[in-house]
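Report on the structure given below.
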Ligand SMILES: *[C@@H]1O[C@H](CO)[C@@H](O)[C@H](O)[C@H]1NC(C)=O
Ligand SMILES: *[C@@H]1O[C@H](CO)[C@@H](O)[C@H](O)[C@H]1NC(C)=O
């Protein structure tokens, strides 16, 4: 499915392609079982809009949702977590496209509580502005290293986070380790290409087609409601011959949100 960006076709050769990237839609948004990883019927859900300029002229929205089961895989409780982005369809800034770039969004949940507030989309209220800066700098540096190493990669942020989970970076202004989680799911959602100025954007998600779904063992709904979910959005060079780079050419945005639980007994999953 291809759509010519209306009104700008005469100025540029920008093409925007919305793709479903193999997402399987559940037939119904009304009900989705706990073990169906293609959808989520959330017990709690939250959304935060944030700036992702210059590629997106308008704010984009991160959705985070979770569901829970008392019995999980074995005996203990378990939660099911999902995220996706939503955006207006035609808010791409064609003048931002000057290199092959990949944009990704990651979400970490676990071992972090607090109340989102302040700058960096609520994250400064969790760990302070210096820690936000440390995380951004550490990610810029490692993605820079990956992008200039000559080694093949597909998703720069996912590659960087894999390395950080194994080998935690030094973050002098952060308290408990930000990367002390079992998994940080990542979704690539925008590809920019030169010289065609083609931009491929993943279609916005929803509860009936979330972008990523995963399960957290031994987590109750009450515990997860107190957790802070941290979104990490990146825009970084795609593998290939690129113009000279600096770490500052790599964009990292942090977004912190919580999904408070509704009244108990709202929904019974078991
Ligand atoms: C919290 O940290 C512990 C210890 O590192 C780890 O085993 C656990 O998986 C983490 N929790 C989550 C939800 O990732
Ligand atoms: C950018 O991507 C296009 C399409 O994959 C490719 O043909 C081109 O060589 C790439 N440019 C660079 C500088 O890597």
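In the numbering used here, the protein residues as written are 105 to 374.
Glycine residues also receive a C-beta, built at the ideal position from the N, C-alpha and C atoms.
Computed from a prediction, not measured in an experiment: that's the story for all the values here.
According to the DSSP secondary-structure assignment, residue 294 is paired through a beta bridge with 207 and 305. For ligand 2, the residues with a Cβ under 7 Å from any of its heavy atoms are, in chain order, 204, 297, 298, 342, 344, 345 and 346. By DSSP's assignment, residue 190 forms a beta bridge with 165.
Between residue 153 and residue 163, the C-beta gap is smaller than 7 Å, which places the two residues in contact. Just measuring C-alpha positions, the residue of 199, 338, 257 and 278 sitting nearest residue 300 is 199.
Collapsing the DSSP output to three states places residue 241 in a helix. The three-state reading of DSSP puts residue 317 in strand, counting E and B together.
Closer than 6 Å to some heavy atom of ligand 1: that describes the Cβ of residue 214.
For residue 184, DSSP records a beta bridge to 171 and 319. For residue 217, the secondary structure class from DSSP, reduced to helix, strand or coil, is strand. Closest by C-alpha distance to residue 203, out of 298, 259 and 305, is 298. For residue 341, the enclosing beta strand (DSSP E) stretches over residues 333-341.
Taking C-alpha positions only, residue 196 is separated from residue 295 by approximately 12 Å. In the assembly as shown, residue 225 is a buried residue. Its beta-carbon has 16 or more other beta-carbons within 10 Å.
For residue 267, the uninterrupted alpha helix (DSSP H) segment begins and ends at 260-270. Ligand 1 has no heavy atom closer than 6 Å to the beta-carbon of residue 359.
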